[in-house]
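Quick notes on the structure that follows.
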Amino acid sequence: MENSKERVNRLINQIKDFPLSPGVYLMKDEHEKIIYIGKALKLKNRVRSYFSGEKDIKTKTLLTKIHHIDHIVTASEYEALLLENNLIKKWNPRYNINLKDGKSYPVIRVTNEEFPRIFRTRTIIEDGSRYYGPYPDVKVLDETMALINKMFPLRRCRKMKKRENPCLYYHMAKCSAPCCGLISKEDYRKNINRAKNLLSGKTVGLEKDLLREIKRASDVLEFEKAADIRDLLLSIQKLQMEQKVEDFQEESRDYIGVDVAGNFYAFAVIQMRSGKLLGKETFRNEYYGTENEAIQEFILSYYSSVDRDFPQRVFVPLKERALIEEYLKKEVAGAENLKLELPVSKRDLAVLNMAVENARMDLARKLQDMGNKPALEDLKTLLGLKSIPRRIEGFDIAQLDGHFTVSSLISFKDGKPDRKNYRHYNIRSLKGDIDDYKAISEAVARRYTRIMNEGKDKPDLILIDGGKGQVNAAWSVIQALGLSIPIAGLAKKEEMIFLPGEKEPIDLPEGDRALRILQHVRDETHRFATEHNQKLRKKTLSLSSLENIPGIGPSRSKKLLIGFGSMENLYEAKAEEISRKAGISLEAAEMVKMYLDRKGKAEGS
Numbered sequence: 022m023e024n025s026k027e028r029v030n031r032l033i034n035q036i037k038d039f040p041l042s043p044g045v046y047l048m049k050d051e052h053e054k055i056i057y058i059g060k061a062l063k064l065k066n067r068v069r070s071y072f073s074g075e076k077d078i079k080t081k082t083l084l085t086k087i088h089h090i091d092h093i094v095t096a097s098e099y100e101a102l103l104l105e106n107n108l109i110k111k112w113n114p115r116y117n118i119n120l121k122d123g124k125s126y127p128v129i130r131v132t133n134e135e136f137p138r139i140f141r142t143r144t145i146i147e148d149g150s151r152y153y154g155p156y157p158d159v160k161v162l163d164e165t166m167a168l169i170n171k172m173f174p175l176r177r178c179r180k181m182k183k184r185e186n187p188c189l190y191y192h193m194a195k196c197s198a199p200c201c202g203l204i205s206k207e208d209y210r211k212n213i214n215r216a217k218n219l220l221s222g223k224t225v226g227l228e229k230d231l232l233r234e235i236k237r238a239s240d241v242l243e244f245e246k247a248a249d250i251r252d253l254l255l256s257i258q259k260l261q262m263e264q265k266v267e268d269f270q271e272e273s274r275d276y277i278g279v280d281v282a283g284n285f286y287a288f289a290v291i292q293m294r295s296g297k298l299l300g301k302e303t304f305r306n307e308y309y310g311t312e313n314e315a316i317q318e319f320i321l322s323y324y325s326s327v328d329r330d331f332p333q334r335v336f337v338p339l340k341e342r343a344l345i346e347e348y349l350k351k352e353v354a355g356a357e358n359l360k361l362e363l364p365v366s367k368r369d370l371a372v373l374n375m376a377v378e379n380a381r382m383d384l385a386r387k388l389q390d391m392g393n394k395p396a397l398e399d400l401k402t403l404l405g406l407k408s409i410p411r412r413i414e415g416f417d418i419a420q421l422d423g424h425f426t427v428s429s430l431i432s433f434k435d436g437k438p439d440r441k442n443y444r445h446y447n448i449r450s451l452k453g454d455i456d457d458y459k460a461i462s463e464a465v466a467r468r469y470t471r472i473m474n475e476g477k478d479k480p481d482l483i484l485i486d487g488g489k490g491q492v493n494a495a496w497s498v499i500q501a502l503g504l505s506i507p508i509a510g511l512a513k514k515e516e517m518i519f520l521p522g523e524k525e526p527i528d529l530p531e532g533d534r535a536l537r538i539l540q541h542v543r544d545e546t547h548r549f550a551t552e553h554n555q556k557l558r559k560k561t562l563s564l565s566s567l568e569n570i571p572g573i574g575p576s577r578s579k580k581l582l583i584g585f586g587s588m589e590n591l592y593e594a595k596a597e598e599i600s601r602k603a604g605i606s607l608e609a610a611e612m613v614k615m616y617l618d619r620k621g622k623a624e625g626s
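The opening residue of the sequence shown carries number 22 in the numbering used here; numbering runs sequentially from there.
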């Protein structure tokens, strides 16, 4: 039976015969089932890239499933894109983008019937109906439907049959009775179009019509009717104000935000129509291609999936847009004038950032719902651990100019903070020196000596906030204690993972789910260490310490504390306020402020 190495070598040899031409590649599993479809300008180079260089965990996962790779040559990259999209729709491969709603928000449906109906639904049916939404806020949806039902007498029956006598809704002025022929198709269509304008946020013409009706009613002294129409106008304006974003031009726009964690992608689409925010849709799925490929595939799936109210402009964080835009304009009805763009103005960038944040939050919810097991499994594979690191303990050092040196010890269980097992250590061995390595060594020694003496469970992984030096210092202590607890370090800024005895750090892509777990632990250790360091400094800063400030003696020190009541209040005060409340000169107050900034508020390293 073929082992993994033999299988990979066979695939690499197969790729040697691939052409340097545009086309589509189809990755299949051992049962000849298509599991991933991609396109390429140069087939050979693109497919070969899967088997060369460092790979992230999601790509490694995909590679374990591939048993055979087919390809189809096309005349151009555009034809490859067209074929890729059609094949994905046909075969629905497991590792391609499959639009899954982050939440099944309701929408408003305008049916594609001779006399259309308008109603709320959560089901999208591709029958030519027009959909508006989704509506994350159901209250807004209810208000919208109530307004439509009040303004436009549209049919409500599911199956319209010819009748001699109209139903009760007609007598309540809530239906125009097309079943009895009491309204023409043209007049009914006018009502539908006005309702669509309301749903699209295009209410300027509608509001002008209502103002004219108010005037006509007032002119003939029908004040009650005028008041009813006025109430409708106010309802429209209120509904639009609830969703309005100021300063946007009178054109329609979509903003597509994306976030990624490992092989999980989330997309958020924010819809703007006539300068007003109409709704948001979120989608998420597993995907095993590059981020650019994921975005391209999402755009094709999203705008090809149902009869959409296409915007004029789509802002998306994608550099290679021309090919996708050409495809949509040629192949998707209604998208002829659509443009894909990067945001330039601050306003567009702000809304796109809002979409990205929505995608990030949706993905965070997804990962939380899943639990952290997949990320912890990735971490086990990445670090070569014997078991999943269910319990992780983290250390960080904070100090100020060699003083108030402390170490934090935090604990995570199954990827979540386990705060009852948080500890901190006041470092005793430095005596004013600055030595992170020695501080880490002391904290680790104190922690695990006690664990050994008390017979408590050891963690599955120790994470040090720092680089190679800090990791090796901690590892030396663990070895000296005769323990075999795995250790890793995560350096700030570079976000590199260091392992003891390894020369080169591990560099994971931003958003990798294993990296996110480590970042969460590292950030919590830093927060806890800095917080305790600041408490120590504030506790130590007392009346006597204020007396050490040049120009501030015992008398002024007392005035300062009496005037502000506490050191905390004094920290927050500006120099002018210190001068006024303590009755000291502005120059002396500025000296106090400089001292407090340095001693009381400086961040621990």
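Using N, Cα and C, we set each Cβ at its ideal position, and we do this for glycine too.
Cβ of residue i within 8 angstroms of Cβ of residue j?
i: Asp481; j: Arg411; result: yes
i: Val279; j: Pro199; result: no
i: Phe519; j: Ala509; result: yes
i: Asn117; j: Glu318; result: yes
i: Tyr446; j: Arg471; result: no
i: Leu227; j: Ile257; result: yes
i: Tyr458; j: Gly490; result: yes
i: Arg138; j: Arg184; result: no
i: Leu32; j: Ile87; result: yes
i: Ala380; j: Ser428; result: no
i: Val465; j: Ala419; result: no
Just how far apart, CA to CA, sit residue i and residue j?
i: Leu189; j: Lys340; result: 57 angstroms
i: Leu108; j: Asp50; result: 17 angstroms
i: Glu53; j: Leu384; result: 32 angstroms
i: Ile58; j: Gly44; result: 11 angstroms
i: Pro332; j: Leu203; result: 36 angstroms
i: Glu378; j: Leu388; result: 15 angstroms
i: Ser606; j: Ile448; result: 39 angstroms
i: Leu484; j: Leu539; result: 8 angstroms
i: Leu511; j: Asp38; result: 42 angstroms
i: Phe140; j: Pro187; result: 20 angstroms
i: Thr95; j: Gly310; result: 20 angstroms
i: Glu608; j: Leu255; result: 58 angstroms
i: Ser73; j: Lys81; result: 11 angstroms
i: Glu552; j: Lys513; result: 18 angstroms
i: Asp230; j: Lys236; result: 10 angstroms
i: Phe269; j: Asp330; result: For Phe269, the predicted structure reports a pLDDT of 44, less than 50, and the residue's modelled location is therefore unreliable. A value from the coordinates is still provided. Using only the alpha carbons, I get a separation of about 18 angstroms.
i: Ala594; j: Val613; result: 10 angstroms
i: Lys441; j: Ile409; result: 22 angstroms
Mapping DSSP to helix, strand and coil, what is residue i?
i: Phe244; result: helix
i: Phe269; result: Unreliable placement is indicated for Phe269, whose pLDDT of 44 sits below 50; the coordinate value is still reported in the next sentence. Coil at Phe269, not helix or strand.
i: Asn447; result: strand
i: His88; result: coil
i: Gln292; result: strand
i: Ile345; result: helix
i: Leu520; result: coil
i: Pro480; result: coil
i: Asn306; result: strand
i: Asp435; result: coil
i: Glu475; result: helix
i: Ala368; result: One detail in the question is off: residue 368 reads as Arg in this sequence, not Ala. Arg368: helix per DSSP, three-state reduction.
i: Thr142; result: strand
i: Leu47; result: strand
Tell me which same chain residues have a C-beta within less than 6 angstroms of the C-beta of residue i, skipping the five on either side of it?
i: His547; result: Asp417 and Asp486
i: Met22; result: none
i: Tyr276; result: Ile291, Phe336, Val372, Leu373 and Ala376
i: Ser273; result: Arg294, Pro332 and Gln333
i: Pro364; result: Phe336, Leu370 and Leu373
i: Lys602; result: Gly584
Taking the beta strand (DSSP E) that residue i falls in, what are its first and last residues?
i: Glu362; result: Lys360 to Glu362
i: Leu104; result: Leu104 -> not in any beta strand (DSSP E); alpha helix (DSSP H) instead, spanning Glu98 to Trp112.
i: Val353; result: First-last for Val353: undefined, no H or E at that position.
i: Ala194; result: Neither: Ala194 is in no beta strand (DSSP E) and is coded neither H nor E.
For residue i, which residues of its own chain have a beta-carbon under 7 angstroms away from its beta-carbon, when the five flanking residues on both sides are left out?
i: Glu98; result: Pro43, Leu62 and Leu344
i: Arg115; result: Ile56
i: Met172; result: Leu253
Please return the same chain residues whose Cβ sits closer than 8 angstroms to the Cβ of residue i, not counting the five positions on each side in sequence.
i: Glu346; result: Leu359, Lys360 and Leu361
i: Met517; result: Gly488, Leu511, Pro526, Ile527 and Asp528
What residue range does the alpha helix (DSSP H) around residue i cover?
i: Phe319; result: Glu312 to Ser326
i: Gly490; result: Lys489 to Ala501
i: Val161; result: Val159 to Met172
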